[in-house]
Amino acid sequence: MKTIEMIVPCFNESDVLELFYNEVTPIMKSLKGFDYSFIFVNDGSKDKTLEIIKSFAEKDSRVKYISFSRNFGKEAAMLSGLRYSSADYVGILDADLQHSPELIPAMLGALEEGFDVAAARRIDRKGEGGLKSALSNAFYKIANAMTETYIDDGAQDFRIMKRKVVEAILSLTEYNRFTKGIFSWVGFKTKWFPHENRERAAGTSKWSLKKLFKYAIDGILSYTNSPLRFPLYIGVLMGIAGFVYALVYIILRFAKASLAMGHFITAVVLLASGLILVSLGIIGEYLARIYNEIKGRPVFIVDETNIKKEQ
Ligand code: UDP
Ligand code: MG
């Protein structure tokens, strides 16, 4: 019998946990040929979340839990779930039932057919504020413009993965984790399941605008080194402008035109700032390389091979 574990990050979810458990348990029970369990991660909740999870665990041996000493954020909660997981198939599911759990059987079906990852993407943003949707759209546009691996803007953390994918994700040991970027970075054959975002079953969103802003900045900074290149581009443009300005100035001077001293100064300022920015850009390039080395990501991830390697 194959095993499947569903990781559920929970931060102050006492309003919704009973609903979640009652709705998802029958779905998990209906999976033929699978031995399921839940890994609830209590991310430093201040309400009764942990008590409720413990009460599930008392009556149901399939409920495992991890409880953090304080709120570390959803990224940390997902990572801990993956680290503690041991099943053949591992899923991640929000506690608020916004992710459609009824997709789980079809998602598992895709994995059985040969896909390595079955992931949900929402086709709308129902149940989400207008400002949040707009900001999040802008974030994906900027992030994707700057990076080589593409993040689908509807992609969600809701997914089920094979063990090898989990191991690949865990082989990225960086501290600043942007899991959506990591999911797309590790690759593997992915089947997407479009679904309509549901309203939150109960409670309120645990992502304040401040938390989301930090998430976006973390995402861009840990996912791409492009911002370090900005000074280089601007510096080159300024340098070219300064050069052209100086050239025109010199030609006009030779043509004996009477020119104000200001033009000369402008040319010098443009050239000098260009030089400074280009130097900063070069430092940025080195910094980017140091950053990459420090992240210590694997250079490649092998999906399959017929070479046996002595471990
Ligand atoms: N969550 C968490 N830690 C946090 C914030 C959120 O574990 O610091 C969990 C939360 O309990 C939920 C999931 O992450 O299960 C998604 O959060 P939420 O539904 O509030 O986000 P939204 O759907 O509004 O983006
Ligand atoms: Mg939600």
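Each residue of the sequence shown is one higher than the last, beginning at 3 in my numbering.
All C-beta atoms in this analysis are idealised placements derived from N, C-alpha and C, irrespective of residue type, glycine included.
Quick one: does the C-beta of residue 158 sit closer than 7 Å to a heavy atom of the ligand MG? For the ligand MG, not one heavy atom lies less than 7 Å from the Cβ of residue 158.
Just checking, does the stretch 105-114 make contact with the stretch 141-152 on the three C-beta pairs under 8 Å criterion? For the pair of segments examined, the stretch 105-114 was found not to touch the stretch 141-152: the number of CB pairs separated by less than 8 Å stays below three.
What three-state label does DSSP hand residue 149 in the structure shown? Under the three-state reduction of DSSP output, residue 149 falls in the coil class, being neither helix nor strand.
Beta-bridge partners of residue 196, as assigned by DSSP: Looking at the DSSP output, residue 196 sits in a beta bridge with 123.
Under 7 Å, CB to any heavy atom of the ligand MG. Which residues pass, going along the chain? Listed along the chain, these residues meet the criterion: 96, 98, 100, 202 and 207.
What is the DSSP secondary structure of residue 3, counted as helix, strand or coil? Residue state, collapsed to three classes: coil.
Can you check the stretch 254-311 for any beta strand (DSSP E) of at least 3 residues that lies completely inside it and give the ranges in chain order? Listed in chain order, nothing qualifies, since the stretch 254-311 has no complete beta strand (DSSP E) run of 3 or more residues.
For residue 91, the residue or residues it bridges with in DSSP: BP columns for residue 91 point to 6 and 164.
Rounded C-alpha distance that separates residue 19 from residue 56: A straight-line Cα-Cα distance of about 11 Å links residue 19 and residue 56.
Touching or not, the stretch 246-253 and the stretch 263-271, by the rule of three or more beta carbon pairs under 8 Å? Short answer: they touch.
Check whether the stretch 74-87 and the stretch 41-53 are in contact - that is, three or more C-beta pairs closer than 8 Å. Three or more pairs of CB atoms, one per stretch, sit closer than 8 Å, so the stretch 74-87 contacts the stretch 41-53.
Can you confirm whether the stretch 236-246 touches the stretch 202-216 when touching is taken to mean that 3 or more C-beta pairs between the two stretches lie within less than 8 Å? The stretch 202-216 is not in contact with the stretch 236-246.
Cutting at 6 Å between CB atoms, please list the residues of its own chain near residue 76, excluding the five before and the five after it. Cβ within range, chain order: 11.
Can the beta-carbon of residue 94 be found closer than 8 Å to that of residue 171? No, the pair does not count as a contact, with Cβ atoms beyond the cut-off.
Using the Cα positions of residue 314 and residue 271, report the straight-line distance between them to the nearest angstrom. Only positions 3 to 313 of the chain appear in this structure, which leaves residue 314 out of reach.
Residue 66 by DSSP, collapsed to three states: which one? Residue state, collapsed to three classes: strand.
Checking 8 Å against the spacing of the C-beta atoms, do residue 23 and residue 30 come in under that value? By the CB criterion at 8 Å, residue 23 and residue 30 fall outside the cutoff.
Between which two residues does the alpha helix (DSSP H) carrying residue 26 extend? For residue 26, the enclosing alpha helix (DSSP H) stretches over residues 19-31.
Measuring CB to CB, does residue 305 end up less than 8 Å from residue 180? No; because the gap between Cβ atoms is not below 8 Å, this pair is not in contact.
Should residue 26 and residue 103 be called a contact, given that it needs their Cβ atoms to be closer than 8 Å? The answer is yes: Cβ separation under 8 Å.
Proximity of residue 121 and residue 161 at Cβ, strictly below 8 Å: Yes, the Cβ-Cβ distance between residue 121 and residue 161 is below 8 Å.
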